[in-house]
Amino acid sequence: MLVTKTRICLLICLFISQLAQASVDYDVLDLPAVESKMATKSLIYNVKTFGDRTFATGHKGHILYSDDNGDTWTQAQVPVRLGILDIYFVNADKGWAVGHGGVILHSADGGETWEKQYDGYRFGEEGLKYYQQRAEEDPESELMETLVYEMEYAVSQGADKPFFSVYFDSETVGYAFGAYGIIVKTEDGGKTWVHWMHTVENDSYYHLFDYTMMENGRFLLNGEAGLIFDASVEDDYTTLLPNSPYEGSFFTSTTASDGSLIVAGLRGFTFVSQDNGQNWQESKKPQTGSVVDSITLADGRVIAVAMTGEVLVSDDNGNSFNKAAIPYVGPIFAVGAGGDGHLLLAGPRGIIKVAFAD
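With the numbering used here, letter number 273 in the sequence shown gets 442, and the count goes up by one each step, no holes.
Have a look at this one:
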């Protein structure tokens with residue numbers, strides 16, 4: 170009896186140790202997304218259209234694509250099993266997607282299959298080496314000393330910081346940016362990524378959420394605590410615009426058909442600028458929850474959506490908004506064009522295509 174009990178205890182201990190080992194080896198950055206028939210009805214973070222193809226990105230590595238304005242969807246093959254927050258294509262074939270775990274993915278076949286180019290582990294490890302070298306080259310720089318400390322902390326934390334947005338100016342030059350001011354740049358299509366945090370006036374390392382292109386070829390970058398930047402792929406430094414109209418977070422931005430810039434965010438505050446972000450005025454709109462996404466439709470109307478489910482429409486380039494005549498679908502995280510008088514609304518309930526009256 171004693172031998173039997175001893176053997177049972179040994180087997181239990183062995184089983185527990187194997188479970189512990191399995192938990193150590195488990196990493197969603199190394200696990201592929203699982204194909205699911207429910208992917209279109211599960212959590213979706215973003216919806217965007219490039220050319221004739223529409224993409225939706227969501228949790229557990231879900232990337233979906235549609236060639237019929239969101240009527241039907243196909244799930245892409247993705248090598249990671251974590252939230253994908255943004256996507257960008259420079260042409261019909263080449264695209265990038267970013268998300269939790271500091272992951273950057275690349276597709277060369279129109280988004281049908283993806284490969285991992287980068288992740289949060291590399292962000293910390295490569296960032297530490299990069300800024301240690303920069304600190305050695307400029308030992309009097311307090312900025313480099315601070316960034317070395319930040320990278321040491323990043324290494325200790327692992328892959329815990331998400332990229333919120335990705336933008337590519339060409340097939341080779343692109344940026345990814347996100348939580349706590351993280352930003353990287355590539356000039357070779359993502360084969361290598363260089364740290365770019367030292368180029369942004371963001372001493373408090375606030376989150377960087379979204380961007381929109383300006384008529385002058387530059388782009389506006391918006392973030393937490395009212396941050397609004399003027400940036401260009403040709404510059405080595407990103408300029409903080411001094412006249413931010415609000416101290417809360419700006420979650421989204423878009424450019425109206427007349428070139429006006431629109432930013433919106435926390436508690437529904439929305440502002441418009443006619444001079445590339447130098448001055449702002451508050452948009453007239455009904456009270457809503459936090460505005461989390463916005464787009465400009467081909468017909469010039471601006472659509473903004475609130476996390477609490479409101480859909481707003483502007484016919485005057487963002488100067489004023491009214492509630493759209495759309496039934497409540499629940500919380501909304503993103504909005505996309507659905508073609509033929511429809512919108513694609515995305516959130517915890519997946520993708521919902523709704524009719525949008527003229």
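Glycine included, each C-beta is placed from N, C-alpha and C at the ideal position.
Quick check: the Cα distance between residue i and residue j, rounded to an integer number of angstroms?
i: F398; j: P411; result: 9 Å
i: M320; j: Y349; result: 12 Å
i: M382; j: R303; result: 31 Å
i: A475; j: F219; result: 23 Å
i: Y322; j: D468; result: 47 Å
i: G271; j: F292; result: 7 Å
i: L390; j: Y380; result: 4 Å
i: F525; j: A433; result: 22 Å
i: G395; j: W265; result: 27 Å
i: W283; j: L274; result: 6 Å
i: S463; j: A506; result: 11 Å
i: A473; j: L513; result: 12 Å
i: G510; j: N238; result: 11 Å
i: T408; j: N488; result: 25 Å
i: S422; j: T457; result: 17 Å
i: V402; j: T439; result: 27 Å
i: A261; j: E305; result: 43 Å
i: L200; j: T223; result: 25 Å
i: S352; j: G446; result: At residue 352 the sequence reads Ile, which differs from the Ser that was named. Looking at the two C-alpha atoms, the distance is approximately 21 Å.
i: N471; j: L198; result: The sequence given here has Val at residue 471, not Asn. Taking the straight line joining both Cα atoms gives about 36 Å.
Quick one: what's residue i bridged to in DSSP?
i: V498; result: V498 pairs with nothing; no bridge assigned.
i: D399; result: L389, T408
i: G347; result: F332
i: F337; result: G343
i: Q450; result: V441
What do you get for residue i, buried or exposed, if any count of 16 or more other CB atoms within 10 angstroms of its CB means buried?
i: Q244; result: buried
i: D444; result: exposed
i: G227; result: buried
i: M366; result: buried
i: E479; result: buried
i: V363; result: exposed
i: Y300; result: buried
i: A208; result: buried
i: G519; result: buried
i: K492; result: exposed
i: E311; result: exposed
i: T241; result: exposed
For a test of the three-state rule: what should DSSP assign to residue i, helix, strand or coil?
i: H231; result: coil
i: A524; result: strand
i: E295; result: helix
i: R250; result: coil
i: E204; result: coil
i: L466; result: coil
i: V317; result: helix
i: G437; result: helix
i: V353; result: strand
i: S325; result: helix
i: T421; result: strand
i: T226; result: strand
i: L481; result: strand
i: H511; result: strand
i: Q286; result: strand
i: M383; result: coil
i: T361; result: coil
Three or more C-beta pairs below 8 Å linking the segment 348 to 360 and the segment 285 to 297: The segment 348 to 360 is in contact with the segment 285 to 297.
Report yes or no: do three or more beta-carbon pairs, one from the segment 448 to 467 and one from the segment 480 to 490, lie closer than 8 Å? Under the three-pair Cβ rule at 8 Å, the segment 448 to 467 counts as touching the segment 480 to 490.
Three Cβ pairs or more, each shorter than 8 Å: is that satisfied between the segment 253 to 265 and the segment 210 to 217? With the rule of 3 Cβ pairs closer than 8 Å, the segment 253 to 265 counts as touching the segment 210 to 217.
Spell out a yes or no on whether the segment 303 to 315 and the segment 327 to 334 are touching, meaning 3 or more CB-CB pairs, one atom from each, closer than 8 Å. Cβ pair count under 8 Å is below three, so no.
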